[in-house]
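Peer 1:
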Amino acid sequence: MQDTILRTEKLCKTFSTGGIQQHVLKNLDISLMEGDFTIIMGSSGSGKSTLLYALSGMDKPSLGEIHFEGENISKLNNDQLAIFRRNNCGFVFQQIHLLDNMSVLDNALASGLLVSKNKQAVAAKAKQLLAQVGLNETLWGKFPSQLSGGEAQRAGIVRALINSPKMVFADEPTGALNSASSDSVLDVMTEVNRNGQSIVTVTHDITTALRGNRILYLRDGIICGDLDLGAFHADHNLARHEKLNAFLSEMGW
């Protein structure tokens, strides 16, 4: 039986612009299970990224609570949140944000050494992860500008995994990639999830959404749909695609 890794209680986020309040997230009660590949979908402006940033401790809610493995992280101050993120979360973004003046390997090491000072152990793990995501040794010494988009994003996934996070948060991780690079990145994320990694991904892309086992649909700051899609199997993709399309049509996608 799966355990709940993250849950929210009456989660709200409000922004004030020019004296006008915009209620982006509205009283959300969400439970995310350990080992799930959760996809957050919705139209532009529905609050998808705002929700992701709140769940990951990158932004604080206006009201309500976020509990990560029983700890109320919404009560943490900024310094405590930084430590929480470093020890528990990995991040994959559309804009990959690798350090331009560091090699692929050194980018992974820089993140790993924030948590562990055992450089030898961190280097061994970085090399293992780089090989796992299909980045062979000839690429380890290259700079981000020398990589293809798919290679750079896979290096970004290694950076996200280097500290063995309990949850990986991804915001449109394939949004800037062509279809071939996108597929290779999604294959890596699928394999990582099969090995037990909890993942939450915001996307507008059907191909990415098909890799998740649970789809949350957000509209105007409210979860209005929750689909159990089951585990991904490439040979069952047609039925899976039909099920997802029917759900999205019902949601008004």
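If you read the sequence shown in the UniProt record's numbering, its first letter stands for residue 1, the second for the next number, and so on.
Don't be surprised by glycine CBs; every beta carbon is placed ideally from N, CA and C.
1) Determine, using beta-carbon pairs with one atom in the region 2 to 11 and one in the region 25 to 33, whether at least three such pairs fall under 8 Å.
2) So what's LEU218 in DSSP terms, helix, strand or just coil?
3) With a cut-off of 8 Å on the beta carbons, I'd call LYS125 and ILE162 a contact; round off their distance for me.
4) Just checking my contact of VAL188 with LEU52 at CB under 8 Å: how many whole Å lie between their CB atoms?
5) Between which two residues does the beta strand (DSSP E) containing THR203 stretch?
6) Is the region 200 to 219 touching the region 159 to 179, taking contact as three or more C-beta pairs under 8 Å?
7) Per DSSP, which one or two residues make a beta bridge with THR14?
8) Just tell me which of MET33, SER43, SER44, ARG85 has its CA closest to the CA of ALA54.
9) Quick check on GLY196: buried or exposed, where buried means 16 or more other Cβ atoms within 10 Å of its Cβ?
10) Mind checking LEU99: buried by the 16 CB within 10 Å criterion, or exposed?
Peer 2: In short, the structure shows the following:
1) yes
2) As a working note, residue 218 is residue 218 in the sequence shown. In the structure shown, LEU218 sits in a strand (DSSP, three-state: E or B).
3) For the purposes of this step, residue 125 is taken as residue 125 along the sequence shown, with counting starting at 1. For the purposes of this step, residue 162 is taken as residue 162 along the sequence shown, with counting starting at 1. That belief holds up - the Cβ atoms of LYS125 and ILE162 are roughly 6 Å apart, short of 8 Å.
4) Your numbering for residue 188 matches position 188 in the sequence shown. Your numbering for residue 52 matches position 52 in the sequence shown. No, VAL188 and LEU52 are not in contact; Cβ-Cβ is about 19 Å, not under 8 Å.
5) Numbered from its first residue, the sequence shown carries residue 203 at position 203. Taken as a continuous stretch (DSSP letters only), THR203 belongs to no beta strand (DSSP E), as it is neither H nor E.
6) Contact between the region 200 to 219 and the region 159 to 179 is present, because at least three Cβ pairs lie under 8 Å.
7) What you label residue 14 is simply residue 14 of the sequence shown in a count that begins at 1. Paired residue(s): HIS23.
8) Position 54 of the sequence shown holds residue 54. Looking at the Cα atoms, ARG85 is the closest of the given residues.
9) As a first step, residue 196 is located in the sequence shown; it is residue number 196 there, counting from the start. Under this definition GLY196 is an exposed residue.
10) Residue numbering aside, residue 99 sits at position 99 when the sequence shown is read from its first letter. Under a 10 Å Cβ-count criterion, LEU99 is classified as exposed, with fewer than 16 other Cβ atoms of the shown protein chains found around its own Cβ.
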